[in-house]
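2 protein chains.
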Amino acid sequence: METVSENRCFGGAQGVHTHASIATGTDMTFGLFLPEEAADGPVPLLWYLSGLTCTHENAMVKAGAQAHAAEHGLAIVFPDTSPRGKGVADDEAYDLGQGAGFYVDATEAPWAPHFRMESYVLSDLTELLFDGFPLDPGRQGITGHSMGGHGALTLAAKSPGRFRSVSAFAPICNPTNSDWGRKQFEAYLGSIEAGDAHDATNLVKAGALDAPILIDTGTDDQFGDYLKTEELAEALATRRTEATLRLQKGYDHSYFFVSTFIADHVDFHAEALWR
Amino acid sequence: METVSENRCFGGAQGVHTHASIATGTDMTFGLFLPEEAADGPVPLLWYLSGLTCTHENAMVKAGAQAHAAEHGLAIVFPDTSPRGKGVADDEAYDLGQGAGFYVDATEAPWAPHFRMESYVLSDLTELLFDGFPLDPGRQGITGHSMGGHGALTLAAKSPGRFRSVSAFAPICNPTNSDWGRKQFEAYLGSIEAGDAHDATNLVKAGALDAPILIDTGTDDQFGDYLKTEELAEALATRRTEATLRLQKGYDHSYFFVSTFIADHVDFHAEALWR
Chain A
197 METVSENRCF GGAQGVHTHA SIATGTDMTF GLFLPEEAAD GPVPLLWYLS GLTCTHENAM
257 VKAGAQAHAA EHGLAIVFPD TSPRGKGVAD DEAYDLGQGA GFYVDATEAP WAPHFRMESY
317 VLSDLTELLF DGFPLDPGRQ GITGHSMGGH GALTLAAKSP GRFRSVSAFA PICNPTNSDW
377 GRKQFEAYLG SIEAGDAHDA TNLVKAGALD APILIDTGTD DQFGDYLKTE ELAEALATRR
437 TEATLRLQKG YDHSYFFVST FIADHVDFHA EALWR
Chain B
197 METVSENRCF GGAQGVHTHA SIATGTDMTF GLFLPEEAAD GPVPLLWYLS GLTCTHENAM
257 VKAGAQAHAA EHGLAIVFPD TSPRGKGVAD DEAYDLGQGA GFYVDATEAP WAPHFRMESY
317 VLSDLTELLF DGFPLDPGRQ GITGHSMGGH GALTLAAKSP GRFRSVSAFA PICNPTNSDW
377 GRKQFEAYLG SIEAGDAHDA TNLVKAGALD APILIDTGTD DQFGDYLKTE ELAEALATRR
437 TEATLRLQKG YDHSYFFVST FIADHVDFHA EALWR
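Printed below as a string of structure tokens:
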């Protein structure tokens, strides 16, 4: 692992690190905010998964999460959204290939060799983080935006007991039923049906989410038709899952929306992680 | 004036607008955050002047100022740092020409036709803002980062009585005595001496700053030698000017530093602007 940069920030430090990932077979870059309290011992860790076209950097510089993480003594990790670089498959579309890993392990050519973001997040980066930094594996939460909201919800469902709290900003809720999902599951996994196991609405219907959930989505989200929030809303209510879904009047899909509500999300996670 | 974008943000709206500037003879772009309270009548305005290489966008997306402005019912304007585009002079160096206007009105070729950022901020954009938006001209504060901190301090000194409060993040304090200043004054104004009237330390020595001042600068600022903070510190103390200068341990020149202390700055301005 190599540290690319480290900046003092809210009494702690915002680092950027690269490492050779076994899962993706590429060098991967991530951001890690460590609060001041990390100098004295392990702190809870909040995962922030980003959306389409993003790198590790977007949320790290635009979401404003560090202010609130510092208040609560939480670390935040900002992984990249896909493998990148020469020799890594890509597509001209913004929503497939590099920058659009969808948090699954691809099984199909040309994606299978490197596009293994589920394993990257849940195993590879996890081991690196808990081996290399003062972080408490017993206190993890997960959040994300858009495709990263899909990632947060589905990866939490795939890791029972691991994440104490799950939240999402404008998540893709039902990708097997959306243009943000069908194309990607066909490409990465060979069929839309193979995406059923990576669909938050399906997972909620199956009772697979065991942590409290907070979701914010804007009523004026320009990608609202892709998100299928209504399907997840129905599933949560039907299944009587512990969850808060807030439809925020006038907000869109941008980081101005995310930054507006990031304090509430960090507070929500802090409550679960320090309990 | 044309609105490029508008995003709901902390109950208000973050807009981006372009207009044909009389001062620069070019189209200029600026960001304007309006808090919810602007729907009911004029609100105070905080100017945020950005540093070298920045556009209107950097602070708008990275400083996290809107959260705190919304709390206090303040608007914030984020002007660009220079004229731009075809037919506008430029230089290969990052610290001269486009992105490096230094908040002066150039008198020398090839800069004089368009590089008129002092007039742009103090007159042209000012008129546009107070004509077009619900802003209270009697309640203005000004802040900025690095070159923009220089701009905040010097433009406030040039406008006695206009700004109720002045603050800066890692400002260039004594540009006639620095590589961030001497080259630019020679290019834009024809001599270093012509920069004396645009040098915060000189202006403080002359008693030209009549508003309370808050300055934060990191002890680990990688450009610390260019800032000449010590010269301004001495001048403020000698002149017994109302000011708070904080040297923040371990912080550098980045937006991670700015975002860490932006809440304190917005609070400082709000106290002066709502008095």
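So the sequence lines, in the order shown, correspond to chains A and B.
If you want the working numbering, it's the position in the first sequence, counting the first as 1, plus 196.
If you want the working numbering, it's the position in the second sequence, counting the first as 1, plus 196.
Glycine residues also receive a C-beta, built at the ideal position from the N, C-alpha and C atoms.
- Spatial neighbours of A:GLY345 in its own chain (CB-CB distance under 7 angstroms, excluding positions within 5 residues in sequence) are listed in chain order as ALA364, PHE365, ALA366, PRO367, ILE368.
- Closest option to A:ARG436, judged by alpha-carbon separation, among A:SER278, A:SER355, A:PRO408, A:ALA390: A:PRO408.
- Looking only at A:MET313, A:ALA431, A:PHE298, the smallest Cα-Cα distance to A:ALA219 is reached by A:MET313.
- Between the stretch 432 to 452 of chain A and the stretch 393 to 404 of chain A there are three or more C-beta pairs closer than 8 angstroms, enough to call the two in contact.
- Cα atoms of B:LYS379 and A:TYR422: separation of roughly 52 angstroms, rounded to the nearest angstrom.
- Residues of chain A whose Cβ lies closer than 8 angstroms to the Cβ of B:SER450 are, in chain order, ASN203.
- In terms of beta-carbon proximity, B:VAL212 stays away from the interface with chain A, with every pair separated by 7 angstroms or more.
- When A:LEU443, A:LEU405, A:LEU428 are compared, the shortest CA-CA separation from A:ASP416 is found for A:LEU443.
- For B:MET197, no beta strand (DSSP E) encloses it, and the DSSP letter there is neither H nor E.
- Any Cβ of chain B closer than 7 angstroms to the Cβ of A:TYR244 would place that residue at the interface, and such an atom is absent.
- Boundaries of the alpha helix (DSSP H) around B:PHE326: 321 to 328.
- At a cut-off of 7 angstroms between beta carbons, B:VAL462 makes no contact with chain A.
- Straight across, the Cα-Cα distance linking B:LEU428 with B:ILE411 is about 10 angstroms.
- Cβ atoms of B:PHE452 and A:ASN203 come within 8 angstroms of each other, at about 4 angstroms.
- For A:VAL212, the three-state secondary structure derived from DSSP is strand.
- When beta bridges are read from the DSSP output, B:ALA261 appears opposite no residue.
- Distance from the CA of A:ASP460 to the CA of A:HIS264, rounded to the nearest whole angstrom, comes to 9 angstroms.
- Counting the other Cβ atoms within 10 Å of the Cβ of B:ARG360 gives 16 or more, which makes it buried.
- Residue-level contact check: B:TYR447 touches chain A, since one or more beta carbons of chain A fall below 7 angstroms from its beta carbon.
- In chain order, GLN262 place their CB closer than 6 angstroms to the CB of A:CYS205, counting only its own chain and leaving out the 5 sequence neighbours on each side.
- Here the stretch 288 to 295 of chain B does not lie against the stretch 235 to 243 of chain B, with fewer than 3 beta-carbon pairs under 8 angstroms apart.
- Residue environment for A:ASP320: buried (at least 16 other C-beta atoms within 10 angstroms of its C-beta).
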